[in-house]
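Numbering (this note's numbering), first residue to last: 47 to 454. Reviewing the structure listed below.
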């Protein structure tokens, strides 16, 4: 599932996307160099007005003159470097945390998928035991049906007795069909979770035993909130909110930047820039200080909103603590109950099997009734179903506890 589940794949892509976002943030602290080449063809050279007094004309008069050449060409290279920008500074500091945040999101996704895989996996493994019990019950009833037919042919049983056994046998066979259908659906769900094509074959070879379940951790009270992936995820979200507040606070500080330019300019009356003629050089270096004065209280609103978001995240953390405490205690209670029920139901199943075997002997000897054997068979099936349910409940409670304590 870590390699093929689509949710995990997308979480991995989100990390890669964040890495590219961080590269973009890094770029804001590096020099920006741009080059340009331009050419202008003045179809009509611009006209300027000069005071007439320069040429001995009356005051207040102007003489139109045209300056420049028909063709102008410029080649320029420009550099811009941010020397200090508070928001960029905080964004650079926040880069590792953003990667940790997305990585933790991946871990949370993996854990959720892992939990579901465990539950479906053990359900399917346990279905082997369920099918074995169903097959054993069907075999018992088939043997009973055979024996009842022999008794009927010899006049020691009624047709009604045969019909009752046939009904029970049909019910069990129907139950087996339903169980096989549920198992097939379970396999489809497991394939989907692990990203396996539906057409491929998946075979589970493990078996489950009570010893795997019986480890009692209900008296273990040592667990840390920080062991939980979702708690770590929200804690990182809180850290990012704190960075946001600092970023907006530093937006009140002036921004200092360096600029530089180097350009060549040529003017021609003929389009012969590759021939003779001068290219005139212009260059400069400058410092810019942008001082924020008033922005309509937009920065103040951003800071206030970020503080509210931080408080919401803190509340989320506190609520998560309560939720974790509840999950741990609930899984402990469920495990204790399921463990006790499993032990009881196993004994009950063994007792029901012994009762059935004894009743069957009485029935075969002609001293027992069909009602007794039917009731014993029903009790046995009920006891087996209760045992399987208790065993699965104990497994689920154990998985829930490990997840609640961050140890899955």
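Cβ atoms here follow ideal geometry from the backbone N, Cα and C, with glycine treated the same way.
- [ ] List the endpoints of the continuous alpha helix (DSSP H) containing residue 139.
- [x] 132-199 is the extent of the alpha helix (DSSP H) around residue 139.
Open item on the list: Give me the residue from 225, 397 and 134 with the minimum Cα distance to residue 69.
Closed with: Closest by C-alpha distance to residue 69, out of 225, 397 and 134, is 134.
Open item on the list: For the beta strand (DSSP E) containing residue 335, name the first residue and the last one.
Closed with: For residue 335, the uninterrupted beta strand (DSSP E) run begins and ends at 326-336, by DSSP.
Task: Residue span of the beta strand (DSSP E) that contains residue 342, given as start and end - done: Per DSSP, residue 342 lies in no beta strand (DSSP E) segment and is marked neither H nor E.
- [ ] Would you give the residue range spanned by the alpha helix (DSSP H) that residue 80 belongs to?
- [x] That residue, residue 80, is in no alpha helix (DSSP H); its beta strand (DSSP E) goes 78-87.
TODO: Kindly indicate the opening and closing residues of the beta strand (DSSP E) around residue 108.
DONE: Counted as a single uninterrupted DSSP element, the beta strand (DSSP E) harbouring residue 108 occupies residues 108-112.
Open item on the list: DSSP three-state label for residue 353, please.
Closed with: In the three-state reduction of the DSSP assignment, residue 353 falls in the helix class, which pools H, G and I.
TODO: Inspect the beta-carbon positions of residue 296 and residue 129 and report whether they are closer than 8 angstroms.
DONE: Note that the C-beta distance between residue 296 and residue 129 is not below 8 angstroms.
TODO: Within 10 angstroms of the Cβ of residue 388, are there 16 or more other Cβ atoms? Answer buried if so, exposed if not.
DONE: Residue 388 comes out buried.
TODO: Quick one: give me the first and last residue of the alpha helix (DSSP H) that residue 63 is part of.
DONE: Under the DSSP assignment, residue 63 falls in the alpha helix (DSSP H) whose first and last residues are 52-73.
Task: Nearest-angstrom beta carbon gap, residue 161 and residue 449 [assumed within contact, 8 angstroms] - done: About 5 angstroms; that satisfies the 8 angstroms criterion.
Task: Cβ-based neighbour list, residue 153, same chain, cut-off 6 angstroms, excluding 5 preceding and 5 following - done: Excluding five sequence positions before and after residue 153, the CB atoms of its chain that fall closer than 6 angstroms to its own CB belong to 275, given in chain order.
Open item on the list: Using a Cβ distance threshold of 8 angstroms, determine whether the region 393-401 contacts the region 313-327, with at least three qualifying pairs required.
Closed with: No: fewer than three Cβ pairs fall under 8 angstroms.
Task: Beta-carbon contacts of residue 348 that lie in its chain and below 6 angstroms, excluding the five residues immediately before and after - done: If we look at residue 348 and ignore the five residues flanking it on each side, its Cβ neighbours are 294.
Open item on the list: By alpha-carbon positions, which one of 117, 126 and 147 ends up nearest to residue 62?
Closed with: A check of alpha carbon separations from residue 62 across 117, 126 and 147 identifies 147 as the nearest.
TODO: Evaluate residue 268 with the Cβ neighbour count: other Cβ atoms within 10 Å of its Cβ, from every protein chain shown; 16 or more gives buried, anything less gives exposed.
DONE: Result: exposed.
Open item on the list: Tell me the rounded alpha-carbon separation between residue 194 and residue 433.
Closed with: Each residue's Cα considered, the two are about 29 angstroms apart.
TODO: Count the CB pairs spanning the region 380-395 and the region 435-446 that are closer than 8 angstroms, and state whether there are at least three.
DONE: They touch, by the three-pair rule.
Open item on the list: Pop quiz: residue 374 and residue 254 are said to be a contact at Cβ under 8 angstroms. What is the actual Cβ separation, rounded to whole angstroms?
Closed with: About 24 angstroms separates the two Cβ atoms, so there is no contact after all.
Task: Best match in 80, 159 and 100 for proximity to residue 48 [C-alpha to C-alpha] - done: If we check each option's Cα against that of residue 48, 159 comes out closest.
TODO: Have a look at 141, 360, 384 and 309 and flag the residue whose alpha-carbon is nearest the alpha-carbon of residue 329.
DONE: Answer by Cα proximity: 309.
Task: Three CB pairs or more closer than 8 angstroms across the region 71-82 and the region 106-124 - done: Taking one beta carbon from each stretch, the region 71-82 and the region 106-124 have 3 or more pairs nearer than 8 angstroms; the two touch.
Open item on the list: Checking 8 angstroms against the spacing of the C-beta atoms, do residue 395 and residue 423 come in under that value?
Closed with: Cβ distance not < 8 angstroms, so residue 395 and residue 423 don't count as in contact.
Open item on the list: Would you say the beta carbon of residue 221 is closer than 7 angstroms to some non-hydrogen atom of the ligand NAP?
Closed with: The model on display carries no ligand, and the ligand NAP is accordingly not part of it.
TODO: Identify, in the order they occur along the chain, each residue of the same chain with its Cβ nearer than 8 angstroms to the Cβ of residue 163, setting aside the five sequence neighbours on each side.
DONE: Taking C-beta separations shorter than 8 angstroms and ignoring five residues to either side along the sequence, the partners of residue 163 in its chain run 47, 236, 239 and 240, following chain order.
Open item on the list: residue 181 and residue 212 - do their beta-carbons sit closer together than 8 angstroms?
Closed with: Taking 8 angstroms as the Cβ cut-off, residue 212 and residue 181 do not qualify as a contacting pair.
Open item on the list: Which complete alpha helix (DSSP H) runs does the region 264-322 hold, if anything under 4 residues is left out?
Closed with: Listed in chain order, the complete alpha helix (DSSP H) runs (minimum 4 residues) inside the region 264-322 are 275-295.
Task: For residue 377, the three-state DSSP class (helix, strand or coil) - done: In the structure shown, the three-state DSSP call for residue 377 is helix.
Task: Rounded C-alpha distance that separates residue 100 from residue 106 - done: A direct Cα-to-Cα measurement between residue 100 and residue 106 gives close to 11 angstroms.
Task: Alpha carbon of residue 411 to alpha carbon of residue 242, nearest angstrom - done: Answer to the nearest angstrom: the Cα atoms are 55 angstroms apart.
TODO: Return the residue from the list 250, 418, 98 and 271 that minimises the CA-CA distance to residue 169.
DONE: Comparing Cα positions, the closest option is 250.
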